[in-house]
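Residue 655 is where the sequence shown starts when you use this note's numbering, and the numbers rise one by one after that.
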Amino acid sequence: MKEIESFKLDHTQVIAPYIRHAGRLKGPVGDVVCKYDIRLIQPNVGAIPTSSLHTLEHLFAVYSRDYLEEEIIDISPMGCRTGFYLIIFGEKDVVEIQRIVIEILKRIIDTDKIPATTAKECGNYRDHSLFGAKEYAREVLEKYQGKKV
Ligand SMILES: [Zn+2]
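Next up, the structure:
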């Protein structure tokens, strides 16, 4: 079986929230693609409920493109519901990614509408919680205050 980078991470030794540079690939024509572990919740201690995580996913999808419009490939929730993986063209310092994540979390707190919540636009449009998404964003931001990467 192939070794998976995130399976080698000792999840008992990390302290969330944090941003981790989780991978760097160079394609056949020289493009660099990087992956970041955006951990919002302490692994094996908490997990974001699916409705809140789903709403965070929609909001991260929209807001992240304001900061990484040409670079972003994907930002998707982790199955363990403790954070997101961000995949971008090129390479950025984790401090820069953290700055962007904090900006997005601040915007989420002020959001009053979830984007793309019709049956046509979303695969499970009934399963959203803006209230929950905002509460988790607030909780993560509070933990970030005064904390370095
Ligand atoms: Zn959706």
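No residue lacks a Cβ here, since even glycine has one placed at the ideal position from N, Cα and C. Only a predicted model underlies this, so the values are computations on that prediction, with no experimental measurement involved.
Inter-residue spacing [alpha-carbon to alpha-carbon] between residue i and residue j
i: residue 677; j: residue 690; result: 7 Å
i: residue 666; j: residue 780; result: 34 Å
i: residue 776; j: residue 769; result: 10 Å
i: residue 876; j: residue 655; result: Since the displayed the chain opens at 655 and closes at 803, residue 876 lies outside it and no answer follows.
Cβ-based burial, residue i [other Cβ within 10 Å; buried from 16]
i: residue 752; result: buried
i: residue 730; result: exposed
i: residue 661; result: exposed
i: residue 732; result: buried
i: residue 791; result: buried
i: residue 682; result: exposed
i: residue 697; result: buried
6 Å Cβ shell around residue i - same chain, five flanking residues per side excluded
i: residue 674; result: 691
i: residue 708; result: 781, 782
i: residue 710; result: 787
Presumed contact (8 Å Cβ cut-off) between residue i and residue j, rounded CB distance
i: residue 737; j: residue 693; result: 4 Å
i: residue 671; j: residue 797; result: 5 Å
Residues of its chain near residue i, where Cβ-Cβ distance is below 7 Å and the 5 sequence neighbours each way are ignored
i: residue 685; result: 743
i: residue 772; result: 779
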